[in-house]
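Q:
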Amino acid sequence: MDCSVEGKVAFADGHAYHFATVDAALAFAECVKGSADPGQCAAAHGSTSRVRLEDVQAQEEAERREEDGPGIAS
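For the sequence shown, our numbering begins at 1459 and goes up steadily by one.
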């Protein structure tokens, strides 16, 4: 299974898994690559939260629309 790590956050199976330390995130990534079970690996390495990436993208788009405000009509 594909898994990447950026700092204390690891990405696998369409989710972002957050960890208290970089070492825990790296250990999670190695576990996922070996067993392909992100849920079990997250529990074993102390994941502090799990966020579905689709939810993050939808939230960012909503915030962007709020910042842009109403369009200017010509």
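The beta-carbon is built from N, C-alpha and C at its ideal position, and this holds for glycine as well.
Smallest Cα separation from T1479: which of D1460, Q1517, H1503?
A: Minimum Cα-Cα distance from T1479 among the listed residues D1460, Q1517, H1503 corresponds to H1503.
Q: Tell me the rounded alpha-carbon separation between V1463 and D1526.
A: 32 Å
Q: A1468 lies in the alpha helix (DSSP H); which residues open and close that run?
A: That residue, A1468, is in no alpha helix (DSSP H); its beta strand (DSSP E) goes 1467-1470.
Q: Along the chain, where does the alpha helix (DSSP H) that runs through A1502 open and close?
A: 1496-1502
Q: Look up E1464 in the DSSP assignment and give the residues it is bridged to.
A: V1467
Q: Between L1484 and the rest of its own chain, which residues show a CB-CB distance below 7 Å, the 5 nearest in sequence each way excluded?
A: V1463
Q: Count the other CB atoms, across all protein chains shown, that sit within 10 Å of the CB of V1509; report buried if there are 16 or more and exposed otherwise.
A: exposed
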